[in-house]
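Protein chains in written order, with the working numbering: chain W, 1 to 186; chain Z, 1 to 649; chain C, 1 to 153.
Backbone N, C-alpha and C define an ideal beta-carbon position, used for all residues, glycine too.
One structure is given below, encoded as structure tokens.
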Amino acid sequence: MTQGWKIVLVVGLLGLLALFYQGLWGNPRLIPTVLIGTAAPNFTSPQVGSSEPLSLDQFRGKVVLLNFWASWCLECRLEHSNLLALNERFSQDQNFVMVGINYQDKEEDAQQYLRTYGSTFPHVRDVKGAVSFDYGVYGVPETFVIDQQGIIRCKTIGPIIGEVYANYTQKILPALLAGSGDAVRC
Amino acid sequence: MIIELGHFAVVTALVLSLLGIAAPILGLWTKNADWIRVGRQSVTLIFVLLGLGIAALEYSYLTRDFSVAYVASTSNSRLPLFYTIAALWGGHEGSLLLWVFILSAFSTVAVWLHWRTQPAIMPYLIAVESSVMFGFLMLIVFLSSPFERIFPAPIEGKDLNPLLQDPAMTMHPPMLYMGYVGFSIPFAFAMAALFSGRLGEEWIKVTQRWTIFAWLCLTIGIMMGGYWAYYELGWGGYWGWDPVENASFMPWLVGTAFLHSVMVQEKRKMFKVWNLFLIIVTFSLSLIGTFLVRSGVLTSVHTFATDPERGLYILIFLAVVMGTAFGTLIARAQKLKSQIELDSIVSRESVFMFNNLFFLVAAATVFLGTLYPLMIETWKGSKVTVGPPYYNAVFMPIALGLLFMMGVGPYIAWRKASLDNIKKNFLLPLLVAFGVTALAFALGFRSPFTIAGAFVVGFVSTTIATDIGKVSAFFARRDRVNYLRGFLTAFAANQRRYAGIVTHIGVLILVIGIIASTVYQTEKVVSLRTGDEFTMGPYRLTLAEIHDVQGPNWTAKEGRFELYRGDRLLTEMRPQKRIYDASQTPTTESALYAINMGHVFLTMPEVSPDGTVTARGVINPLILWVWGGGGIMGLGVLLNMFRPRKRDE
Amino acid sequence: MLTRLLVALAVLGALSSPAVATTVDETDIDIKTREVAKTLRCTVCQTETVWESGSPFARQVRENIRERVEQGQSAEEIRAYFLSRYGDYILMQPPARGVNWLVWIGPFAVLIVGGFLLYRTLTRWVTSTPAAPQTVEPLDEASRRRIERELLS
């Protein structure tokens, strides 16, 4: 075996082991979103427990927190109280609004869920999944933050708890509401 | 109590594996054979102890002891007996135990079998096998124990995954593990050669026997997995290029390269270092496969529950084994280099080398495809999918190239092929190849697979046929008998060669089956009510009725379909939509009907309460050639393994 | 009177007999939906297409594809839509652009380069191998049998 091949072998092996090591800490099921920085797609959907439709366009000029959830989703239950707290904290600001989007669920189950766990902001039903497709959603919970110009700034896959929650309440939302959101990192 | 005894046995085995590493080293150092004997006893005792561990676990399964966490998560009191026993390897912890148990069994057999004939290799064999066992046992005892109890004990187990409640699926892991483990013996022999600095001729013979046995097990294991996927998963396909499927395919590819390359070493005493490299790569890929399945690095149908801590341990183990093996290879390669004498590029030696190149590039392609999503994610943070369209475009041409060489290698002379030899053996096959391709084109086939496949199949089948024809004629003339008797004499005169040719014929049939069933598969999905019918190609399917069926641990809605060709009723087909009681998991059970060496394949993915069903019919042309080809490949290996030994062997 | 009764009975008879078996078939829309669905990945499954998968996500995607086909969108338009929402991951193979050429061309490049290197190594070995000796010895029985066997291999 010549020197050249020996080096190739050693480098190859080290590279492979390094790659595997990196791979251990990732989550193969997490798909990064391609929608950051793009205009948030509008939707008009019926509300849960009411016949009145709701459009995203109604909230143009406000910071919108969009949360996809389902009654059968265990992780959604984990974040629910945090979401209510978030709404309470920021809803004093006229420029903030939260909207829940019920995903792949039955109307009765969704209504039951909200009755049991509480609801302080509007929820719409995603009929046939059109809204979830527009937002590149493939599971729940998923949360989007849309700024006052209607651009998607953040997407979180998984429940808003712990550090993620702290990031939302201390960094992302205050910055966007103050208008100094250029440096917002999700 | 019993499970604790099993646990204790496995822990003892772990301690003994350390002895199995230390004793041979001491034996070599003090030049005292008694220490090697201690090593042999260790290996044997480990086998017995692990057997006890398995027995204890099976006992817990059979007595439905749900206080054992692993038993509770993989079985259920209604689970039929056969699956209860097989549930032992239905989850991560138990399957690891099975892996190391098979390793201990093979090690024990190898040590006792070759004790007298290969004394110089024994210390290294014992130490290397014990090291691998040590690595696995550490993982089992500390990070993945199937012996843990759970308090309070659940009244009922969770049940074995319904997808695994199937005969082919139960045999698939043991077969696969036998393949992976089988390659550890030639690996240990290779390490012996490297550590001792000696590589004798006897090494080859022993290595070849184990290699071909391991290859057989791995081939059967992979085929079983494919067959299971075919009728259980219900999409009419049998290979999805899923990461864990690939993880078993890669060692197969390199193992096949090794199997062939070792023939050159046997015949010409060349490429010793290259072959050492190949077997180290083969066994490394077996271990990498283990890593990929159990570490959570890749998503797959098969991945066990993910756990970075376990993954990290396996990665370290992998690094140590591969580092030691390749490191020793790099350090000792010079000592074992063989003298290369090559008379001509146009020779069998040369074709074998190109065979190796293609097999390695094929393995590298699968490797690249499997790891590319991980690479891109690490490097750029985005995600891509590498699915069947990629492999069809990139892997298939390489495979066809290999197939072409399969028609050249056995028929080209060693050392130097004369022009005469080339003309005699390959002119007619080339002409036939062009002819078959033109015919395929004329008949309207346009898929590149079919056209390229026609060329290669035409070529290879002619080389095989003319060779068999010639030798049969030779012996028929010599002994004044008919061609068949002539062939049998030829076969017996050189059983090893013709057993190999039988395997090649199996490969050819397999490839034809793959091309036909992949490119020309047709599918139809319709909504039906009772009494409706639909047509599919020349066939007609009528839904006669939908009724309920009860199984030992499941209930199902079964559709009774009648399959017609014209006005003739061919058969009834009964696909099911099952719900397993314990886990409430649904499965679709498919109905198959074999005709014209293909299948009419029917599943019923949806049954709605109002009496409408969705039926999915698939026609798989020549699919039986896939399973038949695999079977013939295995037959060839058996004919090789069980051949009468000649005086000079 | 009797005729009317008979006619009434006949009509009743016709209405109560079982419906004739209908032949169902796939529509063009079905076929187009399948074609598109076979090229999109089910994101919550493991290397399955949206067509093969039984998951609720896959089912919704199939329905969405069907709607778009009914609206007259082409296969390319539908794929482009999902691509714009989910990124490259939703395709069944890496799109052939940018760094992805590595994975598409790589194997062939390695094959060609490897083949070339192998060829060079083989030629080097051939030139460094001494030519075979020219003397011919008479053949003995053992050698004759060996040759016969070798001829067969």
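Nearest-angstrom Cβ-Cβ length linking residue i and residue j, presumed shorter than 8 Å
i: arginine 198 of chain Z; j: alanine 120 of chain Z; result: 7 Å
i: asparagine 100 of chain C; j: proline 94 of chain C; result: 4 Å
i: isoleucine 316 of chain Z; j: leucine 259 of chain Z; result: That pair is no contact at about 31 Å.
i: glutamine 60 of chain C; j: glycine 129 of chain W; result: 4 Å
i: phenylalanine 144 of chain W; j: leucine 16 of chain W; result: No, phenylalanine 144 of chain W and leucine 16 of chain W are not in contact; Cβ-Cβ is about 37 Å, not under 8 Å.
i: leucine 624 of chain Z; j: alanine 594 of chain Z; result: 6 Å
i: tryptophan 235 of chain Z; j: glutamate 52 of chain C; result: 4 Å
i: lysine 269 of chain Z; j: serine 338 of chain Z; result: 6 Å
Residue i at chain C interface by Cβ criterion, 7 Å
i: isoleucine 151 of chain W; result: no
i: tryptophan 252 of chain Z; result: no
i: isoleucine 31 of chain W; result: yes
i: aspartate 242 of chain Z; result: yes
i: tyrosine 113 of chain W; result: no
i: valine 34 of chain W; result: yes
i: tryptophan 29 of chain Z; result: no
i: lysine 655 of chain Z; result: Because chain Z in this structure spans residues 1 to 649, residue 655 of chain Z falls outside the shown range and cannot be described.
Beta carbon of residue i nearer than 7 Å to that of residue j
i: proline 174 of chain Z; j: glycine 27 of chain Z; result: no
i: threonine 462 of chain Z; j: valine 432 of chain Z; result: yes
i: glutamine 576 of chain Z; j: alanine 556 of chain Z; result: yes
i: alanine 188 of chain Z; j: glutamate 129 of chain Z; result: yes
i: valine 36 of chain C; j: cysteine 42 of chain C; result: no
i: phenylalanine 90 of chain W; j: leucine 173 of chain W; result: yes
i: isoleucine 46 of chain Z; j: phenylalanine 101 of chain Z; result: no
i: phenylalanine 404 of chain Z; j: valine 361 of chain Z; result: no
i: isoleucine 546 of chain Z; j: glycine 559 of chain Z; result: yes
i: serine 104 of chain Z; j: proline 32 of chain W; result: no
i: valine 97 of chain W; j: phenylalanine 59 of chain W; result: yes
i: cysteine 217 of chain Z; j: glycine 179 of chain Z; result: yes
i: tyrosine 520 of chain Z; j: proline 621 of chain Z; result: yes
i: threonine 661 of chain Z; j: threonine 588 of chain Z; result: This structure cannot settle anything about residue 661 of chain Z, because the visible part of chain Z is limited to 1 through 649.
i: valine 351 of chain Z; j: glycine 409 of chain Z; result: yes
Beta-carbon proximity list for residue i, same chain, < 7 Å, skipping 5 on both sides
i: alanine 363 of chain Z; result: Met250, Leu253, Val254
i: phenylalanine 367 of chain Z; result: Met250
i: serine 143 of chain C; result: none
i: glutamate 48 of chain C; result: Cys42
i: tyrosine 313 of chain Z; result: Leu139, Leu143
i: isoleucine 150 of chain Z; result: Ser67, Ala69, Ala72
i: leucine 592 of chain Z; result: Tyr231, His599, Phe601
i: glycine 162 of chain W; result: none
Any C-beta of chain W under 7 Å from that of residue i
i: glutamine 71 of chain C; result: no
i: isoleucine 330 of chain Z; result: yes
i: proline 94 of chain C; result: no
i: alanine 417 of chain Z; result: no
Contacting residues, own chain, Cβ-Cβ under 8 Å from residue i (five flanking each side not counted)
i: valine 346 of chain Z; result: Ile412, Lys416, Ala417, Ile422
i: aspartate 88 of chain C; result: Pro94, Pro95
i: cysteine 76 of chain W; result: Trp69, Ala70, Val140, Pro141, Pro159
i: glutamate 52 of chain W; result: Pro46
Residues near residue i in its chain [Cβ-Cβ closer than 6 Å; skip 5 each side]
i: threonine 74 of chain Z; result: Ala87, Gly90, Gly91, Leu160
i: glutamate 245 of chain Z; result: none
i: isoleucine 3 of chain Z; result: Ala56, Ser60, Val68, Phe147
i: asparagine 425 of chain Z; result: Tyr411
Short CB-CB distance (under 7 Å) between residue i and chain Z
i: leucine 17 of chain W; result: yes
i: tryptophan 125 of chain C; result: yes
i: lysine 6 of chain W; result: yes
i: leucine 86 of chain W; result: no
i: alanine 75 of chain C; result: no
i: glutamine 58 of chain W; result: no
i: tyrosine 89 of chain C; result: yes
i: phenylalanine 20 of chain W; result: yes
(request) Only counting runs of 3 or more residues, tell me where the beta strand (DSSP E) segments fall wholly within the segment 121 to 159 of chain W, in order along the chain. (result) Here the runs fully enclosed are 123 to 125, 142 to 146, 152 to 157.
(message) Report the start-end ranges of each alpha helix (DSSP H) in the segment 576 to 642 of chain Z that is 4 residues or longer and not cut off at the edges.
(response) 623 to 641
(request) Return the chain-ordered ranges of every beta strand (DSSP E) run that is complete within the segment 480 to 536 of chain Z and spans a minimum of 3 residues. (result) Within the segment 480 to 536 of chain Z, the complete beta strand (DSSP E) segments of 3 residues or longer fall at 522 to 528, 533 to 536, listed in chain order.
(message) Extract the residue ranges of the alpha helix (DSSP H) inside the segment 91 to 149 of chain C, only unbroken runs of 4 or more that lie entirely within it.
(response) Runs of the alpha helix (DSSP H) inside the segment 91 to 149 of chain C: 101 to 128.
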